[in-house]
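Enquirer:
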Amino acid sequence: MIEILNQTSNLSLQDKNISPNRDTLPPRDPQHNPLKILKSARNSKKRPAFIAGPMVRYSKLPFRELVRNYNTDIVYTPMILAREFVRNDVARLSDFTTNAGDRSVIVQVGCNNVKDLLKFVDMIHPYVDGIGLNCGCPIKEQVREGIGAALMSEPELVSEMVKAVKDKYKESVVIETKIRIHPDINETIKFVKLVEKSGVDFITVHGRTKNTRSSQPANFDAIKIIKESVSVPVVANGDCFSLKDAHEIAEYTGVDGVMAVRGILANPGLFSGYEKTPWSAIELFWDLATSYGLPLELHNIIYLKC
Numbered sequence: 001m002i003e004i005l006n007q008t009s010n011l012s013l014q015d016k017n018i019s020p021n022r023d024t025l026p027p028r029d030p031q032h033n034p035l036k037i038l039k040s041a042r043n044s045k046k047r048p049a050f051i052a053g054p055m056v057r058y059s060k061l062p063f064r065e066l067v068r069n070y071n072t073d074i075v076y077t078p079m080i081l082a083r084e085f086v087r088n089d090v091a092r093l094s095d096f097t098t099n100a101g102d103r104s105v106i107v108q109v110g111c112n113n114v115k116d117l118l119k120f121v122d123m124i125h126p127y128v129d130g131i132g133l134n135c136g137c138p139i140k141e142q143v144r145e146g147i148g149a150a151l152m153s154e155p156e157l158v159s160e161m162v163k164a165v166k167d168k169y170k171e172s173v174v175i176e177t178k179i180r181i182h183p184d185i186n187e188t189i190k191f192v193k194l195v196e197k198s199g200v201d202f203i204t205v206h207g208r209t210k211n212t213r214s215s216q217p218a219n220f221d222a223i224k225i226i227k228e229s230v231s232v233p234v235v236a237n238g239d240c241f242s243l244k245d246a247h248e249i250a251e252y253t254g255v256d257g258v259m260a261v262r263g264i265l266a267n268p269g270l271f272s273g274y275e276k277t278p279w280s281a282i283e284l285f286w287d288l289a290t291s292y293g294l295p296l297e298l299h300n301i302i303y304l305k306c
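Just so we're aligned: the sequence shown equals residues 1 to 306 in UniProt numbering.
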């Protein structure tokens, strides 16, 4: 089961128990296809695509809906562990909630084998616009499990997983890989070229190694080189804290999209040019969080106000 909520900002918690079947939501609209958005943004909007990246605990339905109101084109869910999701109905209900307005959404998955990934994609793809394979999370617990940044040392496995999804679903499923860079840029180039050959639709590059702290600047030179090395769209991630940052990152690297994570969590109006969180965003988030039943609404509100 996947929880599907009414698209209304004053939904009571008692009204949430809607039958979660594939007929409850309309078919995915091609105009919300993330690959199409990435390829067309520079022509249609004269700018890169603006993306709210995956955030543990935070990038759930209320936050995704919030940032769409502030010029964000593509949104991500928090990372979902494939092995738990495919085996545990409780995990499915708690990890992923959606509604008819949850568009241009990519579900990020933590996985290290083809079997679980294919099961995961089969269960969730009717409800999302893309699948993002996490190859960049540096959290030690995830790396020990062989997911996240651990996959940067397993290019053949990543290639195999991407190819399995594309072989089965062809163009009906968009798949992305979110990576970090190796200390040796040549190793990173080998990685992205192999994944590109396997059929990945686009690549998101966090411009840090798995051991580089966020206090250190992102390596945009590396992102630029990677963009020049592949033909699929590339998204830059790292150090985007303002609309000005987004434009400067895109201009320097030539990427097709810019992803904000810490920046957009602190300021959901970032891509609309706000220098700090507008009060309207706090009010809207409170409305959405209390309507949809987000357990951490107060935590998020405090973060937005600080």
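For every residue, glycine included, the Cβ atom is placed at its ideal position computed from N, Cα and C.
Which term fits residue 239, buried or exposed, when burial requires 16 or more other beta carbons within 10 angstroms of its beta carbon?
Expert: Under this definition residue 239 is a buried residue.
Enquirer: Look up residue 205 in the DSSP assignment and say whether it is helix, strand or coil.
Expert: Residue 205: strand per DSSP, three-state reduction.
Enquirer: Between 173, 93, 24 and 102, which lies nearest to residue 130 when the distance is taken from Cα to Cα?
Expert: Cα-wise, what sits closest to residue 130 is 173.
Enquirer: So, does the stretch 63-70 touch the stretch 79-96, judging by three or more C-beta pairs under 8 Å?
Expert: Too few Cβ pairs lie closer than 8 Å, so no.
Enquirer: Tell me whether residue 259 sits in a helix, a strand or coil according to DSSP, three-state version.
Expert: Residue state, collapsed to three classes: strand.
Enquirer: If residue 132 sits next to residue 196, beta carbons under 8 Å apart, how far is it from one beta carbon to the other, in whole angstroms?
Expert: No, residue 132 and residue 196 are not in contact; Cβ-Cβ is about 16 Å, not under 8 Å.
Enquirer: Assuming residue 164 and residue 118 form a contact by the criterion Cβ under 8 Å, report the distance between their Cβ atoms to the nearest whole angstrom.
Expert: The Cβ separation is near 6 Å, so the contact holds.
Enquirer: Could you spell out where the beta strand (DSSP E) holding residue 134 opens and where it closes?
Expert: Residues 130-135.
Enquirer: Do the CB positions of residue 204 and residue 182 come within less than 8 Å of each other?
Expert: Contact flag unset, no.
Enquirer: I need the boundaries of the beta strand (DSSP E) containing residue 52, first residue and last residue.
Expert: 49-52 is the span of the beta strand (DSSP E), which, as asked, contains residue 52.
Enquirer: So, with DSSP's three-state summary, where would you put residue 127?
Expert: Note: residue 127 maps to helix in three-state DSSP.
Enquirer: Residue 168: which of 115, 84 and 214 sits nearest, CA to CA?
Expert: Nearest option by C-alpha distance: 115.
Enquirer: Does DSSP put residue 237 in a helix, a strand or coil?
Expert: It is a strand residue.
Enquirer: Between which two residues does the beta strand (DSSP E) holding residue 176 run?
Expert: Start and end: 175-180.
Enquirer: DSSP state of residue 76, grouped into three classes?
Expert: Residue state, collapsed to three classes: strand.
Enquirer: Once you ignore the five residues that flank residue 288 on each side, which residues in its own chain have a CB closer than 7 Å to its CB?
Expert: Counting only Cβ-Cβ distances below 7 Å, and skipping sequence neighbours, we find 9, 62, 65 and 66.
Enquirer: Counting beta carbon pairs with one atom in the stretch 221-237 and one in the stretch 271-289, are three or more of them shorter than 8 Å?
Expert: Result no; under three Cβ-Cβ pairs closer than 8 Å.
Enquirer: Please classify residue 108 as buried or exposed, where buried requires at least 16 neighbouring CB atoms within 10 angstroms.
Expert: Residue 108 should be labelled buried.
Enquirer: Can you tell me the Cα-Cα spacing of residue 198 and residue 48, whole angstroms?
Expert: Taking the straight line from one Cα to the other gives about 25 Å.
Enquirer: Would you mind giving the Cβ-Cβ distance between residue 257 and residue 38, rounded to the nearest angstrom? I have them listed as a contact below 8 Å.
Expert: Confirmed, about 5 Å.
Enquirer: Can you give the Cα-Cα distance for residue 260 and residue 54, rounded to whole angstroms?
Expert: Whole-angstrom Cα-Cα distance: 9 Å.
Enquirer: Terminal residues of the continuous beta strand (DSSP E) containing residue 106?
Expert: Here the beta strand (DSSP E) through residue 106 covers 105-110.
Enquirer: What number of angstroms, rounded off, separates the C-alpha of residue 242 from the C-alpha of residue 273?
Expert: Distance between the alpha carbons of residue 242 and residue 273 is about 7 Å.
Enquirer: How about residue 179 and residue 136: do their beta carbons lie closer than 8 Å?
Expert: A contact, by the Cβ cut-off of 8 Å.
Enquirer: How would you call residue 27, buried or exposed, if buried means at least 16 neighbouring beta carbons within 10 angstroms?
Expert: Result: exposed.
Enquirer: Looking only at its own chain, which residues have a Cβ that is under 8 Å from the Cβ of residue 21, when we skip the five neighbours before and after it?
Expert: Unreliable placement is indicated for residue 21, whose pLDDT of 45 sits below 50; no coordinate value is reported for it.
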